Amino acid sequence: MAVQTTSAPIRKPRHLLQSIWRGRVGYLFLAPLLFFYITFVIYPSARTIWMMFMRYEFLRPDRIEFVGLANIIEWAQDPRVWETFGVALRFTLMYVPGSTVIALLVAILLDRVRHPGVASVFRTLYYFPVVLPAGMLYIAWQWIFDPTWGPLNHLFINILHIPMPWTRWLGDPNTSLLALVIMSIWRLMGATMILFLVGLSNIPQELNEAAHIDGANEWQLLRHVTLPLLAPIFLVIMVLRLQVLGLIAEPLFMTEGGPVRSTMTYGLQAYYITFRDGNWRMGYGATWFVMLSIFSTLVAFLGWRWFRSRID
Amino acid sequence: MTTVSKSRNRASVLTPQIIFYAVLIVGALLSLAPFLWLMGVAFRPVEEAYVVPMNLIPRHLTLENLQLVLDRFTRATSLVMLYRNSIIITGMTVFFVVTCTTLSGFAFSRLKFPGRDIIFWLVTIGMWMPLSTALPALYQMLSGFDLIDTLPGLILPYTGWNLALGNFVMRSAFSAIPNDLEDAATIDGAGIFRLFREIMLPLVSSSLVTVAIFTFVPVWGEYLLAFTFTSKVDAMPISIGIRLLNPGAGTGEWTFPVAATATLISFIPPMLIYFGLQKWFTKGLMEGALKF
Numbered sequence: 001m002a003v004q005t006t007s008a009p010i011r012k013p014r015h016l017l018q019s020i021w022r023g024r025v026g027y028l029f030l031a032p033l034l035f036f037y038i039t040f041v042i043y044p045s046a047r048t049i050w051m052m053f054m055r056y057e058f059l060r061p062d063r064i065e066f067v068g069l070a071n072i073i074e075w076a077q078d079p080r081v082w083e084t085f086g087v088a089l090r091f092t093l094m095y096v097p098g099s100t101v102i103a104l105l106v107a108i109l110l111d112r113v114r115h116p117g118v119a120s121v122f123r124t125l126y127y128f129p130v131v132l133p134a135g136m137l138y139i140a141w142q143w144i145f146d147p148t149w150g151p152l153n154h155l156f157i158n159i160l161h162i163p164m165p166w167t168r169w170l171g172d173p174n175t176s177l178l179a180l181v182i183m184s185i186w187r188l189m190g191a192t193m194i195l196f197l198v199g200l201s202n203i204p205q206e207l208n209e210a211a212h213i214d215g216a217n218e219w220q221l222l223r224h225v226t227l228p229l230l231a232p233i234f235l236v237i238m239v240l241r242l243q244v245l246g247l248i249a250e251p252l253f254m255t256e257g258g259p260v261r262s263t264m265t266y267g268l269q270a271y272y273i274t275f276r277d278g279n280w281r282m283g284y285g286a287t288w289f290v291m292l293s294i295f296s297t298l299v300a301f302l303g304w305r306w307f308r309s310r311i312d
Numbered sequence: 313m314t315t316v317s318k319s320r321n322r323a324s325v326l327t328p329q330i331i332f333y334a335v336l337i338v339g340a341l342l343s344l345a346p347f348l349w350l351m352g353v354a355f356r357p358v359e360e361a362y363v364v365p366m367n368l369i370p371r372h373l374t375l376e377n378l379q380l381v382l383d384r385f386t387r388a389t390s391l392v393m394l395y396r397n398s399i400i401i402t403g404m405t406v407f408f409v410v411t412c413t414t415l416s417g418f419a420f421s422r423l424k425f426p427g428r429d430i431i432f433w434l435v436t437i438g439m440w441m442p443l444s445t446a447l448p449a450l451y452q453m454l455s456g457f458d459l460i461d462t463l464p465g466l467i468l469p470y471t472g473w474n475l476a477l478g479n480f481v482m483r484s485a486f487s488a489i490p491n492d493l494e495d496a497a498t499i500d501g502a503g504i505f506r507l508f509r510e511i512m513l514p515l516v517s518s519s520l521v522t523v524a525i526f527t528f529v530p531v532w533g534e535y536l537l538a539f540t541f542t543s544k545v546d547a548m549p550i551s552i553g554i555r556l557l558n559p560g561a562g563t564g565e566w567t568f569p570v571a572a573t574a575t576l577i578s579f580i581p582p583m584l585i586y587f588g589l590q591k592w593f594t595k596g597l598m599e600g601a602l603k604f
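Those protein sequence lines, which keep their order, are chains Z and E. So in the numbering used here, spot 180 of the first sequence is number 180, and the numbers just go up one at a time. Here the numbering used here runs 312 ahead of the position in the second sequence, where the first position is 1.
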């Protein structure tokens, strides 16, 4: 006994420094990852938060100074905040339900394909747009939406003979945002579909069979068995898709925020403040970006809490 | 009588099946439609592209647009440069990400040191951090190092922002290796470095492929950083550079079908990976599905 008690402290390192020294090989293996991660992810993110409190105009480095809360006060009074946030919110409210419902339908259909080879062919085709390089797709879709020789109008008007209430797509302030939504749903539906497929494959087959034996029809099965069991996947999708509140690229490349600011999303306005307008007001732009991050994190957290309480 | 009711029965079973597959096929066509249309534009004669309305399906097929684009390639104009930049940027990023995450995955799953789990979760959170929040400071930092409009100016941030998923996948891969193997190797006198290189590394090679694929595809098409950090053709990847080649009004030989062909050529690398490495792709999707 006495021998054991005296030998125990020797095996266990007494100080933190000592155990760090013993784990030095671990840090060595981590070093490359930490170098890239800290230098290009953590540091710039933290520094952007710091820039919130500076008057920092990139093209006027002579006028940099600490201004305290001035940027945040200006942000709170800036009418563009609400205007552009409204645009982003409208995009989100069209895009998130639209893409979620379509992806769920496709996933449910694919899940019922019995032959694994056929199922994988369909899955491959549905996921295909996600793999294509987004930067090039924006151009291709500008062509597709073109009012004169784009295929979309041609298809609707001349082939399907559908009377179109609008034909200018990206050029019409009433439909420009909708056009971006359509493209985004097309481009990323496959990604959401995969999440649902993962969720569906986790539902035990016996559960479906038991429901069938109890006389449940397909709709009842979907409503009372499948959808409730997919609840965690819905949560993941909602949290992930919240990112579109910060949407920048689609309007930047396809409409430049126009026509008449109809696609000027919050993220794009922040981007223009930072990299285009005047002297590139990076300090103020940083304020826009950070405030959105705080808001998104808060919403994701609250949504998660609310969802958890509903599931339990 | 019985045959009639039988065939009616079969019909009533078959009809939903036919509708079911019809819906799936129409959906798949919608998914492919923009791509197929682009192919139709790329392989049609120029005269057929400049008529209103432009037919959805070309009447004649031709390779003359491809010929023109390849001509430009061999004449070393900006298109070659853009393509070359994309290959270097994406290749280097994949190399760095695979190297860093293989080492870190091993450390996070097989080695013990203080703060291991905290560091792991801090890195994993990076999957959900918004890139835009780092954008102002990242620009300022890169311009401070004179890296704006250079290839490293994109490779370095791309590596940083693509580590999280790979790190996650590689840690799972190393964790899946049975402890007995590690014990046996240690008893045989293998040190940590030999254990890593000669025993563990060959066992995680399929996950390495997964990480490489899932780094390659998004980086090849990345646009926001590329658009912000490059403005000259010498450092611009093709995902942004292709915009410079958009046909305007009076464009001479740079016509719409030629531009469509150039766009399609820029699709080739991710498509090769997607269709060629389907097995790894599916595996990666299931392992890292949470990322998307």
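We put the beta carbon where it would ideally sit given N, CA and C, even for glycine. Just so you know, these numbers come straight off a predicted model, no measurement behind them.
Across the structure, Z/G68 and Z/M54 are spaced so that their CA atoms are roughly 7 angstroms apart.
Contact annotation for E/Q379 against chain Z: no contact, minimum CB-CB distance about 21 angstroms [criterion: below 9 angstroms]. Within the region 476–494 of chain E, the residues whose Cβ lies closer than 7 angstroms to some Cβ of chain Z are N479, listed in chain order.
In terms of Cα proximity to Z/L227, the closest of Z/H154, Z/E57 and Z/L197 is Z/L197. Per the DSSP secondary-structure output, E/R422 pairs with nothing in a beta bridge. For the pair E/V409 and E/L475, the CB atoms are nearer than the 8 angstroms cut-off.
Neighbours of Z/W141 across chain E, judged by C-beta separation under 8 angstroms: P346.
Between E/F355 and E/F418, the C-beta spacing is not below 8 angstroms. For the pair Z/L180 and Z/F91, the CB atoms are nearer than the 8 angstroms cut-off. Taking 8 angstroms as the Cβ-Cβ cut-off, the region 171–185 of chain Z has no residue approaching chain E.
From the listed residues Z/A286, Z/M136 and Z/P173, the smallest Cα separation to Z/S262 is found for Z/P173.
At a cut-off of 8 angstroms, the C-beta of E/A524 has no neighbouring C-beta in chain Z.
E/I511 and Z/I73 have their C-alpha atoms roughly 59 angstroms apart. Cβ proximity to chain E below 9 angstroms picks out I38, T39, F40, V41, I42, Y43, P44, S45, A46, R47, T48, I49, W50 and M51 from the region 38–53 of chain Z.
Here the alpha carbons of E/T542 and E/S455 stand approximately 11 angstroms from one another. Put simply, the backbone Cα of E/L477 is about 44 angstroms away from that of Z/L160. Of the candidates Z/P259, Z/L235 and Z/I42, Z/I42 places its Cα closest to the Cα of E/S444.
When DSSP states are grouped into helix, strand and coil, Z/F53 belongs to the coil group. With a threshold of 16 other beta carbon atoms within 10 Å, Z/L247 meets it and is buried. Neighbours of Z/F29 in chain E, taken as residues whose beta carbon is under 7 angstroms from its own, are L415, S416, F418, A419 and L423 in chain order.
DSSP, read as helix, strand or coil, puts Z/R281 in strand. The bridge partners DSSP lists for Z/E65 are Z/R55.
Contact annotation for Z/N158 against chain E: P365 [CB-CB distance below 9 angstroms, chain order]. One finds nothing in chain E with a Cβ atom closer than 9 angstroms to the Cβ of Z/S99; even the nearest lies about 12 angstroms away. Rounded to whole angstroms, Z/M94 and Z/L178 show a C-alpha spacing of 8 angstroms. Between E/I554 and Z/I139, the gap from beta carbon to beta carbon is short of 8 angstroms.
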